[in-house]
Amino acid sequence: MVVAVAVSDSPEERDPAKGFAAGCFECVEELITAFIAVLLLFVFLFRLNIVVVGPSMEPNYREGYRVFVSCLDRNFTTGDVVVVDADGTRLKERIIKRVIATGGQTVDIDFDTGVVSVDGKPLDESAYIRNGITKDRSDVSFPCTVPAGHVFVLGDNRTVSEDSRSRMVGMIDSRYIIGKVRFVLSPFGG
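Sequential numbering from 181 applies to the sequence shown in my numbering.
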């Protein structure tokens, strides 16, 4: 009869205290690695430090709301709420606006009726516009076609919003869009 006996030369197996210390070190090392991975994820893919400033997106996004922004999806469509970097406009401040049209689409605003049309079709903005109309005149001529790689944006509170109707903002080069607003982080109760 042959009996196999395992013999270990590992210091951890000879001294239980060293085995415990090595296990703790490994656990701390894994926690630090996970923390760095999450930190990098939030630095490059998501933004949590975006705060709504001003009333231009009311009633949906009020001043002081902190929003969660995803930097992953770069395919912007009508209705997306986006954050534009300060260098993307002549305002030199970060803005939050709603995408109305993308590259190649034609925007028209009938300031008498307040209807916004894209490619000849009136937009149904009842889900996010309080009074559903856009009557404030602008210094941009309409209809206008959005250049490739750009978007046309409007604030939800059209009477106070500085947006693509103004040459101070104009058509937004998509490279200056930080990302899409996914949801409000705070205040939760609104």
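Just so you know, even glycine gets a beta-carbon here, dropped at the ideal spot from N, CA and C.
Cα-Cα separation between residue i and residue j, rounded to whole angstroms
i, j, result
"G259", "G283", "14 Å"
"M348", "Q285", "21 Å"
"I275", "D319", "19 Å"
"C204", "V326", "58 Å"
"G268", "D353", "7 Å"
"F332", "D343", "8 Å"
"V361", "K277", "10 Å"
"A307", "Y241", "13 Å"
"V218", "E273", "28 Å"
"Y356", "V261", "14 Å"
"R317", "P239", "21 Å"
Classification of residue i by the beta-carbon crowding that lies within 10 angstroms, buried from 16 upward
i, result
"C207", "exposed"
"D336", "buried"
"L334", "buried"
"V231", "exposed"
"E305", "buried"
"T293", "exposed"
"F300", "The residue asked about is misnamed: residue 300 is Gly in this sequence, not Phe. Exposed, because fewer than 16 other Cβ atoms sit within 10 Å of the Cβ of G300."
"T314", "buried"
"G369", "Any reading at G369 needs caution, since the residue's pLDDT is 48, under 50, leaving its predicted position unreliable; the model's value is listed next. That one is exposed."
"V264", "buried"
"A281", "buried"
"G329", "exposed"
"R338", "buried"
For residue i, the three-state DSSP class (helix, strand or coil)
i, result
"G234", "coil"
"R362", "strand"
"A328", "coil"
"T282", "strand"
"S297", "strand"
"R242", "coil"
"F205", "helix"
"I289", "strand"
Counterpart residues of residue i in DSSP-defined beta bridges
i, result
"R274", "For R274, which the question treats as bridged, DSSP gives no partner whatsoever."
"L219", "None; L219 has no bridge partner."
"P323", "Note: P323 sits in no beta bridge, so no partner."
"S346", "DSSP lists no partner for S346."
"I352", "V331"
"V264", "I275 and I357"
"P302", "S297"
Cβ pair residue i, residue j closer than 8 Å
i, j, result
"V279", "I358", "no"
"F256", "V287", "no"
"Y138", "S341", "Any answer about residue 138 is impossible in this case: the structure gives the chain only from 181 up to 370."
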